[in-house]
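S.K.: One line per chain: the protein sequences are A and B, in this order. Residue numbers for the first sequence follow the numbering used here, so the first one is 701 and each next one is one higher. Residue numbers for the second sequence follow the numbering used here, so the first one is 701 and each next one is one higher. We treat Cβ as the ideally placed atom computed from N, Cα and C, and that holds for glycine. Model, not experiment: these values are computed from the prediction.
Protein chains: 2
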Amino acid sequence: MEIREVFARNLKAARLAKGLSQEELAFRADIDRTYISSLERSVYNASIDVVDRLAAILEVEASDLLKRPPEKK
Amino acid sequence: MEIREVFARNLKAARLAKGLSQEELAFRADIDRTYISSLERSVYNASIDVVDRLAAILEVEASDLLKRPPEKK
């Protein structure tokens, strides 16, 4: 799985776990809502600064957002 | 600790653990040697694509390169 897709899935899961809309997360991170939407669709190659900023708001570690799901056997 | 510094330290540690010089890592990743040097000095805000490409060469997970060291008590 491409790392952008890994990040996209983890970002969306962490956002939903916090009960935040894309709008609310975007507002808190001072990022455009369309950018959050694009990240969740694997459109952009996020920088680690952005990953860390979003992680802080979502109360997870930046490394958690890049964790690949276990391989299917 | 800033995420760039976390990445810088982990990148350098993983590179040295593999016994690679900055030149060798740069060559294998098809990245300029000065870019690797800058990443290890926290100068640039790496993208997750670059983090993942370097992780693959160093045989670690992208998430490992963003892991913060345990907090000092």
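Helix, strand or coil, according to DSSP, for residue 738 of chain B in the structure here?
M.R.: Residue 738 of chain B sits at position 38 when you count from the first residue of the second sequence. In the structure shown, residue 738 of chain B sits in a helix (DSSP, three-state: H, G or I).
S.K.: Within 10 Å of its beta-carbon, does residue 717 of chain B have 16 or more other beta-carbons around it, so buried, or fewer, so exposed?
M.R.: As a working note, residue 717 of chain B is residue 17 in the second sequence. Counting Cβ neighbours within 10 Å, residue 717 of chain B comes out exposed, since fewer than 16 surround it.
S.K.: Between the stretch 710-727 of chain B and the stretch 740-750 of chain A, do at least 3 Cβ pairs fall closer than 8 Å?
M.R.: Output reads no: the stretch 740-750 of chain A does not touch the stretch 710-727 of chain B.
S.K.: Classify residue 763 of chain B as helix, strand or coil using the three-state DSSP reduction.
M.R.: By one-based count along the second sequence, residue 763 of chain B stands at place 63. Three-state result, residue 763 of chain B: helix.
S.K.: From the beta carbon of residue 749 of chain A, is the nearest beta carbon of chain B less than 8 Å away?
M.R.: The residue labelled residue 749 of chain A in the question sits at position 49 within the first sequence. Interface residue, yes.
S.K.: Please return the same chain residues whose Cβ sits closer than 6 Å to the Cβ of residue 762 of chain B, not counting the five positions on each side in sequence.
M.R.: Along the second sequence, one-based indexing puts residue 762 of chain B at 62. Around residue 762 of chain B: 751, 752, 755.
S.K.: Following the continuous alpha helix (DSSP H) through residue 754 of chain A, name the residue where it begins and the one where it ends.
M.R.: One-based indexing of the first sequence puts residue 754 of chain A at position 54. From DSSP, the alpha helix (DSSP H) with residue 754 of chain A extends over 748-758.
S.K.: Determine, for residue 730 of chain A, whether the minimum Cβ-Cβ distance to residues of chain B falls below 8 Å.
M.R.: The residue labelled residue 730 of chain A in the question sits at position 30 within the first sequence. Output row for residue 730 of chain A: interface = no.
S.K.: Near residue 760 of chain A, which residues of its chain fall below 7 Å by C-beta distance, leaving aside the five closest residues on each side in sequence?
M.R.: Residue numbering aside, residue 760 of chain A sits at position 60 when the first sequence is read from its first letter. Excluding residues within five positions, the ones whose Cβ falls inside 7 Å are 714.
S.K.: Tell me which residues share the same chain as residue 738 of chain B and place their Cβ nearer than 7 Å to its Cβ, disregarding the 5 neighbours each side in the sequence.
M.R.: Within the second sequence, the letter at position 38 stands for residue 738 of chain B. For residue 738 of chain B, where only same-chain residues beyond five positions count, the Cβ hits under 7 Å are 744.
S.K.: Which of the three DSSP states, helix, strand or coil, is assigned to residue 745 of chain B?
M.R.: Sequence index remark: in the second sequence, residue 745 of chain B carries index 45 (1-based). Of the three classes helix, strand and coil, the one that applies to residue 745 of chain B here is coil, per DSSP.
S.K.: What residues of chain B sit near residue 761 of chain A, judged by a beta carbon separation below 7 Å?
M.R.: The residue labelled residue 761 of chain A in the question sits at position 61 within the first sequence. Within 7 Å Cβ-Cβ: 768.
S.K.: Quick check: what's the CA-CA separation for residue 769 of chain B versus residue 706 of chain B?
M.R.: Against the second sequence, residue 769 of chain B aligns to sequence position 69. Against the second sequence, residue 706 of chain B aligns to sequence position 6. Each residue's Cα considered, the two are about 8 Å apart.
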